[in-house]
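Here's the structure we're looking at; comments come further down.
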Amino acid sequence: MDKRIGTITIIITNRARQSENVNRILSEFGDAIIGRMGIPYAPEGLHIIALIVHASTDVIGALTGKLGLLEGVQVKSALTKA
Numbered sequence: 554m555d556k557r558i559g560t561i562t563i564i565i566t567n568r569a570r571q572s573e574n575v576n577r578i579l580s581e582f583g584d585a586i587i588g589r590m591g592i593p594y595a596p597e598g599l600h601i602i603a604l605i606v607h608a609s610t611d612v613i614g615a616l617t618g619k620l621g622l623l624e625g626v627q628v629k630s631a632l633t634k635a
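The numbering used here applies: residue 554 is where the sequence shown begins, and numbers increase by one.
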C-alpha cells in the first residue's frame with residue numbers, strides 16, 4: 554500500500570487523565586511518526602501535539618482512530634493526495 558505524508562493535530566483537554574494513554578498509542582505507531590511537537594496552552598487548559606507522519610492511510614486511520622476514542626482528546630489529520 555502507498556504511503557502518504559501528512560499532519561495529525563491532537564488537542565488534549567484532560568491531560569492528567571489521558572497523557573499516559575496518548576503517549577502509549579504514539580509509541581505503538583512510532584515507525585509512522587517523522588516528527589512531534591507538543592505545546593501546552595495554559596490559558597485554555599489545552600495541550601496540543603502536532604505530528605508529521607509518513608504511512609499508509611490504514612496506519613494513519615488506525616492511529617487517529619485509537620486517539621479519537623480517548624475521552625478529552627480531539628484528533629484531525631490532513632494528508633497528501635495519492
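For every residue, glycine included, the Cβ atom is placed at its ideal position computed from N, Cα and C.
For L622, the three-state secondary structure derived from DSSP is coil.
Where A608 is concerned, the enclosing beta strand (DSSP E) starts and stops at 599-608.
Within the model, the alpha-carbon separation for I613 versus G625 is close to 20 Å. When DSSP states are grouped into helix, strand and coil, T562 belongs to the strand group. Beta bridge pairing from DSSP links G588 with I605.
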